[in-house]
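Chemist:
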Amino acid sequence: MTTVGFSGEVWIAPGDGAWHFVTVPEEQAEIIRLESGPRVGFGSVKVEATVGSSTWSTSVFPDTKLTYVLPLKKSVRHAEGILAGDTIDVRLTLVALP
Numbered sequence: 077m078t079t080v081g082f083s084g085e086v087w088i089a090p091g092d093g094a095w096h097f098v099t100v101p102e103e104q105a106e107i108i109r110l111e112s113g114p115r116v117g118f119g120s121v122k123v124e125a126t127v128g129s130s131t132w133s134t135s136v137f138p139d140t141k142l143t144y145v146l147p148l149k150k151s152v153r154h155a156e157g158i159l160a161g162d163t164i165d166v167r168l169t170l171v172a173l174p
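The opening residue of the sequence shown carries number 77 in the working numbering; numbering runs sequentially from there.
1. CB residue 78 to CB residue 170, shorter than 7 angstroms?
2. Could you give the DSSP three-state label for residue 115: helix, strand or coil?
3. To which residues does DSSP link residue 165 through a beta bridge?
4. Where are the beta strand (DSSP E) runs, 3 residues long or more, that stay fully inside the stretch 112 to 152, in chain order?
5. Does residue 110 come out as helix, strand or coil in the three-state DSSP assignment?
6. Could you check the C-alpha separation between residue 159 and residue 152 for me, to the nearest Å?
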């Protein structure tokens, strides 16, 4: 399985949902594009994400043609004390689809 790691700043998407994301840097996004299997809904790629001591199954979603964004669940943000504007360390492991 392919794993990429990076640091990124947490940001909030515009709108009422208050969704928090971190953007995958272009270099790691290129690895994800090359190593991932078939895309699922909206061009997303299934991953196992780790931030601090929290690990969860999710997907990264294309943000532009060059990168992906990782949504940060509220439970993870609370468990890890993450706020918008924080820089966090992320590890993503690609999940093989059957």
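Here a beta-carbon is modelled for each residue, glycine too, at the ideal position from N, C-alpha and C. All figures in this text were calculated on a predicted structure; none of them were measured in a lab.
Modeler: The answer reads as follows:
1. By one-based count along the sequence shown, residue 78 stands at place 2. By one-based count along the sequence shown, residue 170 stands at place 94. Taking 7 angstroms as the Cβ cut-off, residue 78 and residue 170 qualify as a contacting pair.
2. Along the sequence shown, one-based indexing puts residue 115 at 39. Looking at residue 115 - three-state DSSP - the assignment turns out to be coil, as it is neither helix nor strand.
3. In the sequence shown, counting from the first residue as 1, residue 165 sits at position 89. Listed as beta-bridge partners of residue 165 by DSSP are 83.
4. Within the stretch 112 to 152, the complete beta strand (DSSP E) runs of at least 3 residues are 121 to 127, 130 to 138, 144 to 148.
5. For the purposes of this step, residue 110 is taken as the residue at position 34 of the sequence shown. When DSSP states are grouped into helix, strand and coil, residue 110 belongs to the helix group.
6. For the purposes of this step, residue 159 is taken as the residue at position 83 of the sequence shown. For the purposes of this step, residue 152 is taken as the residue at position 76 of the sequence shown. C-alpha of residue 159 to C-alpha of residue 152: approximately 11 angstroms in a straight line.
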